[in-house]
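**Student:** Can you read through this structure? Questions will come right after.
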Amino acid sequence: MNYHCPVCNKISPTAVDLVRHMMGRGDLIHRDWINSKGFNYSEMLAAQLQTFGSQEYNRLAEVLEQEAKEED
Amino acid sequence: MTEYSVIGKQVHKVDGPAKVTGSAKYTFDIELPNMLYGKILRSPYSHARIVNIDTSEAEKLIGVKAIVTGKDTLGIKHGVWRRFPELCDEEILCREKVRYIGDPVAAVAAIDEDTAEEALDLIEVEYELLPAVFNPLEGMKEDAPQLHEGVERNINVTRHIEWGDADEDFEKCDFIREEQFYSSPQAHVCMETHGAVADFGHDGKLTVYTSTQSNYYIQVLVANMLGLREGDVRVIKPPSGGAFGSKFELDSAQFCASLLSQKLRQPVKIILNREEEFTATKRKTPMYYYVKVGAKKDGTLMAKEVRVITEGGAYTAMGATALTLTGFYSSLPYRWHSYRYDGVRVYTNTAPASALRGFGAPQAYFTGESIIDMLAEDMNMDPLELRRQNAVTPNYEVPGQAFIQSCGLSECYDTIEKYIKERGKLPPNHGIGIGNYGFMSGGIFNWFNTPYAFSAAIVKINIDGKVDLFTGACDVGQGSDTALSMICAEELGVHLDDIRIHADDTDLGPPDLGAWGSRQTLMSGNAVKMAAADAKRQLIEFAYAKLSPNVVYDMDIKDHQIYIVDRPERKASYFDIVKEVIRAREGQVIIGRGHYTPHRKGMVSPAWGFGVQAVEVEVDPETGKYKLLEIVTAHDCGQVINPVAVLGQVEGATMMAAGGAFCEDQPADNGRILNPSIADYKIIRSLDMPKTVGIEVDTYEPEGPFGAKEAGEGLTSPTGGAIANAIYNAVGARIKELPITPEKVLKAIKEKEQQQEQKEE
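So the sequences go chain by chain: A and B.
Mapped onto our numbering, the consecutive letters of the first sequence carry residue numbers 291 to 362.
Mapped onto our numbering, the consecutive letters of the second sequence carry residue numbers 104 to 864.
Quick look at the structure:
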């Protein structure tokens, strides 16, 4: 299943990959979307940089997966 | 190998005679009628609000003509990353707060420098001190002082690059290594400091004479900051005394001189002194690197994950590019099955970090080449063979990022392997370390948001056959004027001394993005070649009609002869044809136009240079001191345009990189740089330099003019890692922080000895 970025429609193969795109894009509109979902962009980024792996991003990935299912 | 008439020949630089005879006029030498002299007052504090600036006493000083502060500006924040307005964050003359020691707050124009200097002491600035942060790891914390409004956790820029699934691939690895590294700041130490002479005329037009890597950038940025149209700003670049990445952003000398001149309608000269050069101009971006690599036991490099936190300093400058590029270079020059990079740039109350020759690559390769050696040791594998087995190859695509056409890494490995074997068994405490690299030939990203072609050129052939070449490319000592003249001469079939290049003036040449990212040989060179080809076509069309060859034959121009390629005895004089063409076209001169912008060449660069370097060191285990004995670099720069220039680039790049690894640093105390002088900032000197050998590997780059690509900036990349590896091979001491000082080496040796003693116990 592919995931479409809710901001710029970029397609990602997994929800975590989509999170990485949104976090990595880093521009204001992507940040605003992330913050609108109850997350704090800067905090997530700071936490992500503390360890290898994807732990911090999994929570946002779950939201994106849920929204994708709702659209289906 | 193709035989060329001009390309590949050893020629003197076209600007050489002026420089060696002392007749070249640098920015410092420019004197204009009624010219005034300017000085800049800078903040003594790392972070403070400006409460009030009282210039009244300074204005009374005889000889002072004008004083400007932030209130005299339009309040525009500028930046080179114009595509992202939030990254345009620098006012230059601060209006409300200062963010680093050295941030400009006022500028004075006076009849001489001493008067201007004296006036600075009479300007009263009331500050309200604010808490400051100097380390990006601290700056990212939730409770850290905020430098720019609305920028949470001071996270200025983020970058992410990824392909494959690194988490999944690490599961498959037999060997995994995780390490942390630090790469220190470095100053450019150009012989010529930043400076400008600005002349705002009564016609409302501004002329700026300034040492710059990009006339075009300065033209646009100054125009924007002063509320002028770009066409009303003329930037003239005199000969330059070095740049290395420090001179393609709008600096305080350029802006303050322009603002003062605009106010006074008189020329104003501002030349930064050496202390300002060290403390108040941009510097190499310090980086904290966290790297994890994994490989299978058969030697396949599977996964690499990189996290980078950069010390951004007070403003964005070109630091966003350094963050992006270091992330990409961390993946080169290997074929990683998966790769993940997360990088952030964090504002700190220190001098802004930006570009320095290599642009994020030296940092990436110091860490990457060090950890590859560590991994090779874990795997009990020869480090050269591990590299060779996994190196990128010609026509390799870095997934979703870049397409590599020419690549001479294999031949470079062969060359270095041969050198190492010939060295044989080394004496005690000697070690050879290797590092390799891949480097861009110009960047594809248009962060400046220019609507123009990245490079453009105009060729004009005069009635006597002499050629005027107009380009916006900037020669900052690397020899682009000569290289571009050679490309023009080769394409047009004339001699080098037929070409007169005009590359200094925005009023004369078409825009060019300038000298950065190793772009000019390839990008400006392609534009020049196209322009020369356009002019040549006009001559050949006429010669075709005159000589009437069979339609299957081609014609070309070489050595002032226009000839039928398959029947070279049938020819006409270039000089005669030029005259006839001009007459036949009602006296119109022959003009050729060319331009180049990379299209569909990936995300990063249209071409890549590669190389492998071996460094031999001798370490004194009692003191930690070490000597660089020899540095041998096999590099692939495609077709060499000017061999003398390439040799200069090899030696210069090696020296700069060696300095960064060996001794250069900017220790600071609460944001105050402690060594802002040539006496205290240790740079590598001729006595420290080892024997340096550069060996060109023959390749041909289809994207480049006559097969050429970059040579010189990439060569700053491998040295840090190669030195670190050499020291480890000599005495078993692994240093993961630059610069590699004797103190660090000695400490590592002692720690290793203690660990061995503990093991034995």
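We put the CB at the ideal spot given by N, CA and C, even for glycine.
#1: If the cut is a Cβ gap below 8 Å, which residues of chain A does B:H663 touch?
#2: Where do the ends of the alpha helix (DSSP H) carrying A:W323 lie?
#3: Give the range of the alpha helix (DSSP H) segment to which B:Q283 is assigned.
#4: Between the beta-carbon of B:A360 and the beta-carbon of B:G173, is there less than 8 Å?
#5: Are B:A210 and B:V171 close, meaning C-beta to C-beta below 8 Å?
#6: Relative to the C-alpha of B:L595, which candidate in B:I693, B:N828, B:D481 has its C-alpha closest?
#7: If you reduce the DSSP assignment to three classes, tell me which class A:R315 lands in.
#8: From B:E683 to B:I787, what distance separates their C-alpha atoms?
#9: Can you name the residues that DSSP bridges to B:K142?
#10: A:S344 versus chain B: which residues are under 8 Å apart at the beta carbon?
#11: Within 8 Å (strictly less), CB to CB, does A:A336 reach chain B?
#12: Quick check on the DSSP output: the beta strand (DSSP E) that includes B:L790 runs from which residue to which?
#13: Strictly below 9 Å CB to CB, what residues from chain A border B:H263?
#14: A:L339 versus chain B: which residues are under 9 Å apart at the beta carbon?
#15: Here's a check: name, in chain order, each residue in its chain whose Cβ is nearer than 6 Å to the Cβ of B:Y393, leaving out the five neighbours to either side.
#16: So, for B:N745: in the same chain, excluding its five sequence neighbours on each side, which residues have a beta-carbon less than 7 Å away from its beta-carbon?
#17: Are the CB atoms of B:T574 and B:A618 nearer to each other than 8 Å?
#18: Given a cut-off of 8 Å, decide if B:I204 and B:G46 are closer than it, judged by their beta-carbon atoms.
#19: Quick check: the Cα distance between B:V747 and B:L599, rounded to an integer number of angstroms?
#20: Would you say the beta carbon of B:R688 is closer than 7 Å to some non-hydrogen atom of the ligand GTP?
#21: Check for me: the alpha helix (DSSP H) holding B:E860 runs from which residue to which?
#22: According to a CB-to-CB cut-off of less than 8 Å, which residues of the stretch 180-203 of chain B neighbour chain A?
#23: Contact between the stretch 309-317 of chain B and the stretch 608-622 of chain B is defined here as three or more beta-carbon pairs at a separation below 8 Å; is this criterion met?
#24: Based on Cα-Cα distance, which residue from B:P248, B:H251, B:L375, B:F273 lies nearest to B:G298?
#25: Looking at the unbroken beta strand (DSSP E) that takes in B:K661, where does it start and where does it end?
#26: Give the range of the beta strand (DSSP E) segment to which B:P838 is assigned.
#27: Are the Cβ atoms of B:P248 and B:H150 separated by less than 8 Å?
#28: To the nearest angstrom, report how far apart B:E281 and B:E271 are at their CA atoms.
#29: If you draw a straight line from the alpha carbon of A:T330 to that of B:S441, how long is it in whole angstroms?
#30: Taking beta-carbon pairs under 8 Å, can you tell me which members of the stretch 458-485 of chain B lie near chain A?
#31: Along the chain, where does the beta strand (DSSP E) containing B:N259 start, and where does it finish?
#32: With three or more beta-carbon pairs closer than 8 Å as the criterion, would you say the stretch 187-199 of chain B touches the stretch 216-224 of chain B?
#33: Taking the alpha-carbon of B:E644 as reference, which of B:Y666, B:K632, B:E134, B:F278 has the nearest alpha-carbon?
#34: Is there a Cβ from chain A that is less than 8 Å from the Cβ of B:V396?
#35: Have a look at B:G182 and B:V228 and give me their C-alpha separation to the nearest angstrom.
#36: Please specify which runs of the alpha helix (DSSP H), each continuous and at least 4 residues long, are wholly inside the stretch 381-469 of chain B, giving them in chain order.
**Tutor:** For this structure:
#1: Position 560 of the second sequence, counted from the first residue, corresponds to residue 663 of chain B. None at all; the shortest Cβ gap to chain A is about 55 Å.
#2: By 1-based counting over the first sequence, the position of residue 323 of chain A is 33. Taken as a continuous stretch (DSSP letters only), the alpha helix (DSSP H) holding A:W323 covers 318-326.
#3: The residue given as residue 283 of chain B occupies position 180 in the second sequence. Run containing B:Q283: none in the alpha helix (DSSP H); it sits in the beta strand (DSSP E), 278-286.
#4: On the second sequence, residue 360 of chain B is found 257 positions in, with the first residue counted as 1. On the second sequence, residue 173 of chain B is found 70 positions in, with the first residue counted as 1. Taking 8 Å as the Cβ cut-off, B:A360 and B:G173 do not qualify as a contacting pair.
#5: For this step, residue 210 of chain B is matched to residue 107 along the second sequence. For this step, residue 171 of chain B is matched to residue 68 along the second sequence. Against a cut-off of 8 Å, the Cβ pair of B:V171 and B:A210 comes out as a contact.
#6: Residue 595 of chain B sits at position 492 when you count from the first residue of the second sequence. B:L595 has its Cα closest to that of B:I693, out of B:I693, B:N828, B:D481.
#7: Your numbering for residue 315 of chain A matches position 25 in the first sequence. Correct three-state label for A:R315: helix.
#8: Mapped onto the second sequence, residue 683 of chain B falls at position 580. Mapped onto the second sequence, residue 787 of chain B falls at position 684. So the two alpha carbons sit approximately 57 Å from each other.
#9: Position 39 of the second sequence, counting from 1, holds the residue named residue 142 of chain B. According to DSSP, B:K142 bridges with B:V211.
#10: By one-based count along the first sequence, residue 344 of chain A stands at place 54. Those within 8 Å of A:S344 in chain B are D270.
#11: Translated into the one-based positions of the first sequence, residue 336 of chain A becomes position 46. It does; some Cβ of chain B falls within 8 Å.
#12: Sequence index remark: in the second sequence, residue 790 of chain B carries index 687 (1-based). Looking at the DSSP string, B:L790 is not in any beta strand (DSSP E), and its letter there is neither H nor E.
#13: If you number the second sequence from 1, residue 263 of chain B lands on position 160. The answer, in chain order, is R310, H311, M313, G314, R315, G316.
#14: Locating residue 339 of chain A in the first sequence gives position 49, where the first residue counts as 1. Under the 9 Å cutoff, chain B gives M243, Y393, R410, V411, I412, D445, G446, V447.
#15: As a working note, residue 393 of chain B is residue 290 in the second sequence. So the qualifying residues of the chain are Q283, R410.
#16: Mapped onto the second sequence, residue 745 of chain B falls at position 642. Here the set comprises V114, G582, T585, A586, M589.
#17: Residue 574 of chain B sits at position 471 when you count from the first residue of the second sequence. Residue 618 of chain B sits at position 515 when you count from the first residue of the second sequence. Not closer than 8 Å, so no.
#18: Because residue 46 of chain B is not part of the residues shown, which for chain B are 104 to 864, the question remains open.
#19: The residue given as residue 747 of chain B occupies position 644 in the second sequence. The residue given as residue 599 of chain B occupies position 496 in the second sequence. Roughly 15 Å between the two C-alpha positions.
#20: Annotation note on the ligand GTP: not contained in the displayed structure, which lists no ligands.
#21: Here residue 860 of chain B corresponds to residue number 757 of the second sequence, with the count starting at 1. That run of the alpha helix (DSSP H) goes 845-863.
#22: F187, E189
#23: yes
#24: Your numbering for residue 298 of chain B matches position 195 in the second sequence. The shortest C-alpha separation from B:G298 is found at B:L375.
#25: If you number the second sequence from 1, residue 661 of chain B lands on position 558. It spans 658-661 - the beta strand (DSSP E) in which B:K661 sits, taken as one unbroken run.
#26: As a first step, residue 838 of chain B is located in the second sequence; it is residue number 735 there, counting from the start. Strictly speaking, residue 838 of chain B in this sequence is Ile, with Pro absent from that position. Segment: none, B:I838 is in no beta strand (DSSP E) and carries neither H nor E.
#27: Your numbering for residue 248 of chain B matches position 145 in the second sequence. Your numbering for residue 150 of chain B matches position 47 in the second sequence. For B:P248 and B:H150, yes; Cβs fall inside 8 Å.
#28: If you number the second sequence from 1, residue 281 of chain B lands on position 178. If you number the second sequence from 1, residue 271 of chain B lands on position 168. Between B:E281 and B:E271, the C-alpha separation is close to 16 Å.
#29: Along the first sequence, one-based indexing puts residue 330 of chain A at 40. Along the second sequence, one-based indexing puts residue 441 of chain B at 338. One detail in the question is off: residue 330 of chain A reads as Asn in this sequence, not Thr. Spanning the two alpha carbons is a distance of roughly 28 Å.
#30: none
#31: Looking up residue 259 of chain B in the second sequence gives position 156. Note, B:N259: beta strand (DSSP E), 258-266.
#32: no
#33: Taking the first residue of the second sequence as 1, we reach residue 644 of chain B at position 541. Answer by Cα proximity: B:Y666.
#34: Taking the second sequence and counting its residues from 1, one reaches residue 396 of chain B at position 293. It does not; no Cβ of chain A falls within 8 Å.
#35: Taking the first residue of the second sequence as position 1, residue 182 of chain B is located at position 79. Taking the first residue of the second sequence as position 1, residue 228 of chain B is located at position 125. Approximately 26 Å, taken between the alpha carbons.
#36: 422-432
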